[in-house]
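Colleague:
Numbering (the working numbering), first residue to last: 4 to 625.
#1: Would you be able to state if there are at least three C-beta pairs under 8 Å between the segment 256 to 274 and the segment 225 to 238?
#2: Leaving aside the five residues before and after residue 121 along the sequence, list all residues of the same chain whose C-beta is less than 7 Å from its C-beta, in chain order.
#3: By how many angstroms is the C-alpha of residue 603 removed from the C-alpha of residue 324?
#4: Give the DSSP bridge partners of residue 545, in chain order.
#5: Is it buried or exposed, residue 345, if we count other Cβ atoms within 10 angstroms and call 16 or more buried?
#6: Would you kindly work out how many angstroms separate the C-alpha atoms of residue 206 and residue 477, rounded to a whole number?
#7: Check whether the segment 508 to 526 and the segment 59 to 72 are in contact - that is, three or more C-beta pairs closer than 8 Å.
#8: How far does the beta strand (DSSP E) with residue 638 in it extend, from its first residue to its last?
#9: Give me the Cα-Cα distance between residue 623 and residue 542, rounded to the nearest whole angstrom.
#10: Return the first residue and the last residue of the beta strand (DSSP E) that residue 442 is part of.
#11: For residue 152, list the residues DSSP reports as bridge partners.
#12: Within its chain, find whatever has a CB closer than 7 Å to the CB of residue 326; leave out the 5 residues flanking it on each side and keep chain order.
#13: To the nearest whole angstrom, what separates the beta carbons of residue 504 and residue 527, a pair I think is in contact under 8 Å?
#14: Alpha carbon to alpha carbon, what distance is there between residue 47 and residue 92?
#15: Pull up the distance between the alpha-carbon of residue 320 and that of residue 577, whole angstroms please.
#16: Near residue 338, what residues of its chain come up, given a Cβ to Cβ distance below 6 Å and the 5 sequence neighbours on each side ignored?
#17: State the DSSP-derived secondary structure class of residue 280, mapped to helix, strand or coil.
#18: Excluding sequence positions up to five away, which residues of its chain have a Cβ less than 6 Å from the Cβ of residue 188?
#19: Would you kindly work out how many angstroms separate the C-alpha atoms of residue 84 and residue 99, rounded to a whole number?
#20: Please tell me whether residue 429 and residue 454 are closer than 8 Å, where the distance is taken between their beta carbons.
#21: Which residues does DSSP list as the beta-bridge partners of residue 505?
#22: Taking the Cβ atom as the reference point for each residue, do residue 104 and residue 160 lie within a distance shorter than 8 Å?
#23: Rounded to whole angstroms, what is the Cα-Cα separation between residue 601 and residue 155?
#24: Is it true that the segment 384 to 399 meets the segment 351 to 363, where meeting means three or more beta-carbon pairs spaced less than 8 Å apart?
#25: Using the rule of at least 16 other Cβ atoms within 10 Å of the residue's Cβ for burial, across every protein chain shown, is residue 67 buried or exposed?
#26: In terms of residue numbering, what span does the alpha helix (DSSP H) encompassing residue 134 cover?
#27: Check the C-beta distance from residue 461 over to residue 424 and give it rounded, since I have them as a contact under 8 Å.
#28: Report yes if the C-beta distance between residue 2 and residue 17 is below 8 Å; otherwise report no.
#29: Just to confirm the assignment, what range does the alpha helix (DSSP H) spanning residue 360 have?
#30: Hey, how far is the Cα of residue 22 from the Cα of residue 555?
#31: Leaving out five residues before and five after residue 282 in sequence, what residues of the same chain have Cβ atoms less than 6 Å from its Cβ?
#32: Do residue 485 and residue 465 have their CB atoms nearer than 8 Å?
#33: Within the chosen definition, does the segment 396 to 403 reach the segment 443 to 452 through at least 3 CB pairs nearer than 8 Å?
#34: Is it true that the CB of residue 97 sits closer than 8 Å to the CB of residue 41?
#35: Measure the C-alpha to C-alpha separation of residue 32 and residue 19 and round it to an integer number of angstroms.
#36: Kindly list the residues whose CB is nearer than 7 Å to the CB of residue 169, restricted to its own chain and excluding five residues on each side of it in sequence; keep chain order.
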């Protein structure tokens, strides 16, 4: 497909792809702008999806009139279409060019407990939403409704929040037809019980509802319909749709509040009451700006909790940190605490049965024995890997090797969507750079094979590694031996068609358990794909994010043989690979006090080991 911008034919290089959404691919034009190119019905992401193909055809047809009529000017922090991209004849609109936001993070990450504990204070969140409030108010004053207001359509640079995907905005005769379930105003459902499908158009009120959802998610790391509904028997558990329709929110007494989420009590009562009125009592209208302007967060000097109240809601002045192992028994589980810190544990891995970890405390990043490897405050944009006593840290297009007693070694690395592509096992370091996969060797870097420049995500285990890319219309995956050069590419994975928002992998023996989270059809769906060392797909499964199951999240699992252990707020569960299927075969409710959905599990010489925000605990089943 030929694409023309300002009368010039564009050469769309997949290596310049910046991202992929459900409706479009985004490419860097190299001049401070990006091109958003709408996916045509024949796009590979729509293969065998006739409904999506029909929707793409209708969407492109409407854009032919809608984009030329786009209202101007719009508020400063709205990334609006600047120049329309067309076919060779200039008659069919294929997309548009817009401003590029350097180093931006989606607002979604601010609702991730792991991202927040890596150095994002609530005061920054409050400042972001103060600015976002003013942008949304100005948009409404221009007669524009966002429609699909969600935390992936908002990008953050510094303390500024930018609205993107402006082509889906609602104005004049052009209604917004897309939506994201978590941000969908129940009042748009019109009483329907047939799933969460709006029957009423978007409005300023529905935008403000979504604003409140994003605010709550970003401050507390849980949305209004998060948590698990656990009614008293014999009352049945409500479905996700029923919870929305019946306003069964996290404020409801029958809903178990997620353990990784920030407690309600850190917010002032007037803000909590406002959120309750919006989500339970259907209050609408502009969100009260004074509630945001008056937020003042502080960190309790006694217990370290960040709160916005007159006094700490959880402080126990007499509490002290116990740094010695403490053994606790519950039912058939014995838990022994191995490590605690007043700081925060940021990364962990296992090498030959030994757990290694990195934590931040007293103004420095420290290894498990307490030695400082890097001075400075918490920085959420840093990415980590560990190899013996060596610490690897990456940011943007560079990663640094920090070895005891040696000068830091700096290496270039690809960073698709701001994620530096490097990994390590006990023997080697691996990284993607300049169209190749590299490994450290005795005499310098060794080239293992060719990869897609700038687009490869990388994971490695003791025996083999896995990489993949999704850029424009290209999709590819490969496996490689941990010791020998060469790649086995051309893997056929059950690719998700929506926007990829997270990816993680767990290795055990000849298996890689690959986890992918995608935003599709207005919801977040998590996938698990088991890939063998020879590249064969052995099994796959999917589930909805936050549903309390083993696929409710994509991080924190560990594998043993053909089994996978996953943490949930209700305790550990065991999943097994059986004849091409992934089946949950056992639950361990006695582990509930020692794990949560945000825990990270590792199989070590101490048995099953749980790493949480501030402690590490070994579990033994009796």
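Yeah, the Cβ is synthetic: ideal placement off N, Cα and C, and Gly gets one too.
In this text the structure is predicted, and so the values were computed from the model without any measurement.
Modeller: Quick look at the numbers:
#1: Verdict: yes, contact present.
#2: Taking the first residue of the chain shown as 1, we reach residue 121 at position 118. So the qualifying residues of the chain are 349, 381, 383.
#3: Reading the chain shown from its first residue, position 321 is the one you call residue 324. Reading the chain shown from its first residue, position 600 is the one you call residue 603. For residue 324, the pLDDT reaches just 41, beneath the cut-off of 50, and the residue's location in the model is therefore unreliable, leaving the point undetermined.
#4: For the purposes of this step, residue 545 is taken as the residue at position 542 of the chain shown. Note: residue 545 is bridge-paired with 530 in the DSSP secondary-structure output.
#5: Residue 345 sits at position 342 when you count from the first residue of the chain shown. So residue 345 ends up on the exposed side.
#6: As a working mapping, residue 206 is identified with position 203 in the chain shown. As a working mapping, residue 477 is identified with position 474 in the chain shown. Residue 206 and residue 477 have their C-alpha atoms roughly 37 Å apart.
#7: Counting Cβ pairs under 8 Å, fewer than three are found: no touch.
#8: This structure does not reach residue 638, given that the chain is present from 4 up to 625, and the question cannot be answered.
#9: Reading the chain shown from its first residue, position 620 is the one you call residue 623. Reading the chain shown from its first residue, position 539 is the one you call residue 542. Cα-Cα distance, rounded: 29 Å.
#10: Here residue 442 refers to the residue found at position 439 when the chain shown is read from its first residue. Note, residue 442: beta strand (DSSP E), 439 to 444.
#11: Along the chain shown, read from residue 1 onward, the residue named residue 152 stands at position 149. Bridge partners of residue 152: none, in fact.
#12: As a first step, residue 326 must be located in the chain shown, where it is residue number 323. Only weak support exists for where residue 326 lies, its pLDDT of 44 falling under 50; the coordinates are left without a value.
#13: Counting from one through the chain shown, the residue named residue 504 turns up at place 501. Counting from one through the chain shown, the residue named residue 527 turns up at place 524. The pair is a contact, with the Cβ atoms about 7 Å apart (cut-off 8 Å).
#14: Residue mapping note: residue 92 aligns to position 89 of the chain shown, counting from 1. Residue mapping note: residue 47 aligns to position 44 of the chain shown, counting from 1. For residue 92 and residue 47, the distance between alpha carbons rounds to 25 Å.
#15: Here residue 320 refers to the residue found at position 317 when the chain shown is read from its first residue. Here residue 577 refers to the residue found at position 574 when the chain shown is read from its first residue. Residue confidence for residue 320 is low, a pLDDT of 43 falling below 50, so the modelled location carries little weight; the figure read from the coordinates is stated next. Going by the C-alpha atoms only, they are around 39 Å apart.
#16: Here residue 338 refers to the residue found at position 335 of the chain shown. Correct list, in chain order: 331, 597, 620, 622.
#17: Position 277 of the chain shown, counted from the first residue, corresponds to residue 280. Helix.
#18: Reading the chain shown from its first residue, position 185 is the one you call residue 188. Excluding five sequence positions before and after residue 188, the CB atoms of its chain that fall closer than 6 Å to its own CB belong to 209, 212, given in chain order.
#19: Taking the chain shown and counting its residues from 1, one reaches residue 84 at position 81. Taking the chain shown and counting its residues from 1, one reaches residue 99 at position 96. Note on geometry: alpha-carbon atoms of residue 84 and residue 99 lie some 6 Å from one another.
#20: Translated into the one-based positions of the chain shown, residue 429 becomes position 426. Translated into the one-based positions of the chain shown, residue 454 becomes position 451. No, the Cβ-Cβ distance between residue 429 and residue 454 is not below 8 Å.
#21: Mapped onto the chain shown, residue 505 falls at position 502. Partner(s): 520.
#22: Locating residue 104 in the chain shown gives position 101, where the first residue counts as 1. Locating residue 160 in the chain shown gives position 157, where the first residue counts as 1. For the pair residue 104 and residue 160, the CB atoms are nearer than the 8 Å cut-off.
#23: By 1-based counting over the chain shown, the position of residue 601 is 598. By 1-based counting over the chain shown, the position of residue 155 is 152. Looking at the two C-alpha atoms, the distance is approximately 21 Å.
#24: Contact between the segment 384 to 399 and the segment 351 to 363 is present, because at least three Cβ pairs lie under 8 Å.
#25: The sequence position of residue 67 within the chain shown is 64, counting from 1. Result: exposed.
#26: For the purposes of this step, residue 134 is taken as residue 131 along the chain shown, with counting starting at 1. 125 to 144 is the span of the alpha helix (DSSP H), which, as asked, contains residue 134.
#27: Position 458 of the chain shown holds residue 461. Position 421 of the chain shown holds residue 424. Between the beta-carbon of residue 461 and that of residue 424 there is about 5 Å, and that keeps the pair under the 8 Å contact cut.
#28: This structure does not reach residue 2, given that the chain is present from 4 up to 625, and the question cannot be answered.
#29: Here residue 360 refers to the residue found at position 357 when the chain shown is read from its first residue. Not the alpha helix (DSSP H): residue 360 falls in the beta strand (DSSP E), residues 357 to 364.
#30: Position 19 of the chain shown, counted from the start, is the residue given in the question as residue 22. Position 552 of the chain shown, counted from the start, is the residue given in the question as residue 555. Rounded to whole angstroms, residue 22 to residue 555 spans 24 Å at the Cα level.
#31: For the purposes of this step, residue 282 is taken as the residue at position 279 of the chain shown. Cβ within range, chain order: 227, 252.
#32: Numbered from its first residue, the chain shown carries residue 485 at position 482. Numbered from its first residue, the chain shown carries residue 465 at position 462. Yes.
#33: With the cut-off at 8 Å, the segment 396 to 403 and the segment 443 to 452 do not touch.
#34: Locating residue 41 in the chain shown gives position 38, where the first residue counts as 1. Locating residue 97 in the chain shown gives position 94, where the first residue counts as 1. It is a contact, given that the beta carbons lie within the stated cut-off.
#35: Counting from 1 along the chain shown, the entry for residue 32 is found at position 29. Counting from 1 along the chain shown, the entry for residue 19 is found at position 16. Take the alpha-carbon of residue 32 and the one of residue 19: they are about 8 Å apart.
#36: Counting from one through the chain shown, the residue named residue 169 turns up at place 166. 81, 82, 83, 84.
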